[in-house]
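If you use numbering that gives the first Met the number 0, the sequence shown corresponds to residues 0 to 180, in order. The beta-carbon is built from N, C-alpha and C at its ideal position, and this holds for glycine as well. Data first, discussion second: the structure below is written as C-alpha coordinates.
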Amino acid sequence: MIATIVGDVINIDVKIVTSSRFFCPSVSSKAAARHCSVSANYCGVVPMAAEDLGDVYPRDPKKLNAYTLVEFDDVIGEPPSLLSLDGVWEKSSRSFNFTKDLCYLILTTLFGIPIAVLCGLKFASLSFGSIWCVTPCVKAFHISLESIRGVYSALVKCVCDPFCESFGHLFRNIRVRKADV
(Lines of atoms letter the chains of each structure in order from A; the text may use other names.)
(Lines give C-alpha, C1' and ligand atoms only; values in the text may rest on other atoms or scores of the structure.)
Protein backbone atom coordinates (compact mmCIF):
# COMPACT_ATOMS: atom_id res chain seq x y z
CA MET A 0 0.00 0.00 0.00
CA ILE A 1 1.35 3.42 -0.95
CA ALA A 2 0.59 6.34 1.34
CA THR A 3 1.81 9.87 0.79
CA ILE A 4 1.46 12.81 3.14
CA VAL A 5 0.88 16.24 1.59
CA GLY A 6 0.36 18.90 4.26
CA ASP A 7 -2.48 17.71 6.49
CA VAL A 8 -3.85 15.23 3.92
CA ILE A 9 -2.88 11.56 3.68
CA ASN A 10 -3.35 10.09 0.19
CA ILE A 11 -3.71 6.32 -0.07
CA ASP A 12 -3.63 4.77 -3.54
CA VAL A 13 -6.35 2.16 -4.06
CA LYS A 14 -7.75 0.30 -7.02
CA ILE A 15 -11.43 -0.43 -7.45
CA VAL A 16 -12.38 -4.05 -8.07
CA THR A 17 -15.66 -4.76 -9.83
CA SER A 18 -17.54 -7.94 -10.62
CA SER A 19 -21.00 -8.98 -11.74
CA ARG A 20 -22.09 -10.38 -8.35
CA PHE A 21 -24.95 -8.72 -6.45
CA PHE A 22 -23.01 -7.47 -3.46
CA CYS A 23 -21.56 -4.08 -2.56
CA PRO A 24 -19.59 -3.84 0.69
CA SER A 25 -19.37 -0.57 2.50
CA VAL A 26 -16.50 1.48 1.15
CA SER A 27 -14.64 4.26 2.86
CA SER A 28 -14.22 6.74 0.02
CA LYS A 29 -17.10 8.61 -1.61
CA ALA A 30 -15.56 8.24 -5.08
CA ALA A 31 -15.48 4.46 -4.75
CA ALA A 32 -19.07 4.39 -3.48
CA ARG A 33 -20.19 6.55 -6.43
CA HIS A 34 -18.37 4.20 -8.82
CA CYS A 35 -20.04 1.27 -7.13
CA SER A 36 -23.57 2.57 -7.55
CA VAL A 37 -23.10 3.78 -11.13
CA SER A 38 -21.28 1.06 -13.02
CA ALA A 39 -21.06 -2.19 -11.10
CA ASN A 40 -23.12 -4.59 -9.05
CA TYR A 41 -20.14 -5.57 -6.90
CA CYS A 42 -17.44 -3.19 -5.85
CA GLY A 43 -14.57 -3.34 -3.45
CA VAL A 44 -11.64 -1.07 -2.68
CA VAL A 45 -8.31 -2.83 -2.49
CA PRO A 46 -5.04 -1.12 -1.48
CA MET A 47 -2.59 -1.12 -4.36
CA ALA A 48 0.79 -2.74 -3.94
CA ALA A 49 3.89 -0.77 -4.86
CA GLU A 50 4.45 -2.87 -7.99
CA ASP A 51 0.92 -2.06 -9.23
CA LEU A 52 1.69 1.65 -9.44
CA GLY A 53 4.40 1.31 -12.03
CA ASP A 54 6.99 -1.34 -12.58
CA VAL A 55 10.51 -0.12 -13.22
CA TYR A 56 10.75 -2.74 -15.98
CA PRO A 57 7.29 -3.31 -17.47
CA ARG A 58 7.01 -6.94 -18.43
CA ASP A 59 4.68 -6.53 -21.42
CA PRO A 60 4.97 -2.88 -22.52
CA LYS A 61 3.72 -3.58 -26.05
CA LYS A 62 0.75 -5.64 -24.83
CA LEU A 63 1.81 -8.71 -26.80
CA ASN A 64 -0.05 -11.12 -24.54
CA ALA A 65 -3.13 -9.14 -23.56
CA TYR A 66 -5.33 -11.91 -24.99
CA THR A 67 -4.10 -14.33 -22.30
CA LEU A 68 -5.66 -12.36 -19.44
CA VAL A 69 -8.35 -14.74 -18.20
CA GLU A 70 -10.45 -14.08 -15.13
CA PHE A 71 -12.96 -16.36 -13.41
CA ASP A 72 -15.88 -14.37 -14.82
CA ASP A 73 -14.50 -14.90 -18.35
CA VAL A 74 -14.64 -18.68 -17.94
CA ILE A 75 -17.54 -19.38 -15.59
CA GLY A 76 -20.85 -17.53 -15.76
CA GLU A 77 -24.18 -18.38 -14.16
CA PRO A 78 -27.44 -17.24 -15.73
CA PRO A 79 -29.74 -15.23 -13.45
CA SER A 80 -32.18 -18.15 -13.15
CA LEU A 81 -29.49 -20.56 -11.88
CA LEU A 82 -27.33 -19.12 -9.11
CA SER A 83 -25.11 -21.09 -6.76
CA LEU A 84 -24.60 -20.07 -3.16
CA ASP A 85 -22.51 -16.94 -2.73
CA GLY A 86 -19.99 -18.86 -0.62
CA VAL A 87 -19.56 -21.49 -3.32
CA TRP A 88 -19.15 -18.78 -5.97
CA GLU A 89 -16.54 -16.89 -3.96
CA LYS A 90 -14.59 -20.06 -3.03
CA SER A 91 -14.72 -21.23 -6.64
CA SER A 92 -13.39 -17.87 -7.83
CA ARG A 93 -10.59 -17.91 -5.27
CA SER A 94 -9.74 -21.55 -6.10
CA PHE A 95 -9.64 -20.76 -9.83
CA ASN A 96 -7.37 -17.75 -9.38
CA PHE A 97 -5.10 -19.51 -6.86
CA THR A 98 -4.72 -22.60 -9.07
CA LYS A 99 -4.12 -20.51 -12.20
CA ASP A 100 -1.50 -18.34 -10.47
CA LEU A 101 0.20 -21.30 -8.76
CA CYS A 102 0.40 -23.36 -11.96
CA TYR A 103 1.76 -20.38 -13.87
CA LEU A 104 4.33 -19.77 -11.14
CA ILE A 105 5.43 -23.42 -11.15
CA LEU A 106 5.61 -23.63 -14.95
CA THR A 107 7.57 -20.38 -15.28
CA THR A 108 9.91 -21.45 -12.49
CA LEU A 109 10.62 -24.79 -14.17
CA PHE A 110 10.59 -23.82 -17.84
CA GLY A 111 10.92 -20.02 -18.02
CA ILE A 112 14.71 -19.82 -18.12
CA PRO A 113 15.27 -22.79 -20.50
CA ILE A 114 12.62 -21.49 -22.92
CA ALA A 115 14.09 -17.99 -22.72
CA VAL A 116 17.52 -19.43 -23.57
CA LEU A 117 16.07 -21.38 -26.53
CA CYS A 118 14.18 -18.31 -27.78
CA GLY A 119 17.34 -16.23 -27.42
CA LEU A 120 19.30 -18.79 -29.46
CA LYS A 121 16.60 -18.94 -32.13
CA PHE A 122 16.29 -15.17 -32.54
CA ALA A 123 20.06 -14.72 -32.39
CA SER A 124 20.51 -17.27 -35.19
CA LEU A 125 17.71 -15.63 -37.22
CA SER A 126 19.32 -12.23 -36.75
CA PHE A 127 22.75 -13.63 -37.62
CA GLY A 128 21.40 -15.27 -40.78
CA SER A 129 19.59 -12.13 -41.84
CA ILE A 130 22.50 -9.79 -41.14
CA TRP A 131 25.39 -11.90 -42.39
CA CYS A 132 23.80 -14.10 -45.09
CA VAL A 133 20.47 -12.87 -46.48
CA THR A 134 21.17 -9.12 -46.65
CA PRO A 135 24.57 -9.50 -48.44
CA CYS A 136 23.06 -12.00 -50.91
CA VAL A 137 20.13 -9.68 -51.66
CA LYS A 138 22.52 -6.74 -52.10
CA ALA A 139 24.74 -8.79 -54.46
CA PHE A 140 21.63 -9.83 -56.42
CA HIS A 141 20.54 -6.17 -56.75
CA ILE A 142 24.01 -5.17 -57.95
CA SER A 143 24.01 -8.02 -60.50
CA LEU A 144 20.56 -7.10 -61.76
CA GLU A 145 21.45 -3.42 -62.18
CA SER A 146 23.51 -4.12 -65.31
CA ILE A 147 20.86 -6.53 -66.64
CA ARG A 148 18.20 -3.85 -66.02
CA GLY A 149 19.97 -1.44 -68.34
CA VAL A 150 20.20 -4.04 -71.13
CA TYR A 151 16.57 -5.08 -70.65
CA SER A 152 15.37 -1.46 -70.67
CA ALA A 153 17.24 -0.76 -73.94
CA LEU A 154 15.85 -3.96 -75.51
CA VAL A 155 12.28 -3.05 -74.60
CA LYS A 156 12.69 0.49 -75.94
CA CYS A 157 14.22 -0.75 -79.21
CA VAL A 158 11.99 -3.77 -79.91
CA CYS A 159 8.70 -3.52 -78.05
CA ASP A 160 8.07 0.24 -78.23
CA PRO A 161 7.95 0.35 -82.08
CA PHE A 162 5.49 -2.56 -82.21
CA CYS A 163 3.25 -1.01 -79.55
CA GLU A 164 3.30 2.35 -81.33
CA SER A 165 2.48 0.67 -84.69
CA PHE A 166 -0.49 -1.18 -83.23
CA GLY A 167 -1.62 2.04 -81.58
CA HIS A 168 -1.58 3.85 -84.93
CA LEU A 169 -3.44 0.99 -86.63
CA PHE A 170 -6.29 0.97 -84.13
CA ARG A 171 -6.50 4.68 -83.33
CA ASN A 172 -9.47 5.30 -85.58
CA ILE A 173 -11.68 2.59 -84.09
CA ARG A 174 -14.62 4.07 -82.27
CA VAL A 175 -17.04 2.20 -80.03
CA ARG A 176 -20.58 3.55 -79.90
CA LYS A 177 -23.62 2.41 -78.06
CA ALA A 178 -26.34 1.34 -80.47
CA ASP A 179 -30.03 1.07 -79.69
CA VAL A 180 -31.28 -2.44 -80.34
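Item, Value
"D179 in three-state terms, based on DSSP", "coil"
"Per-residue burial, D73 [other beta carbons within 10 Å of its own, 16 or more giving buried]", "exposed"
"Distance between N172 and D160 (C-alpha atoms, nearest Å)", "20 Å"
"4-residue-minimum alpha helix (DSSP H) runs that sit fully inside the region 81-151, ordered along the chain", "85-128"
"Cβ pair I75, S94 closer than 8 Å", "no"
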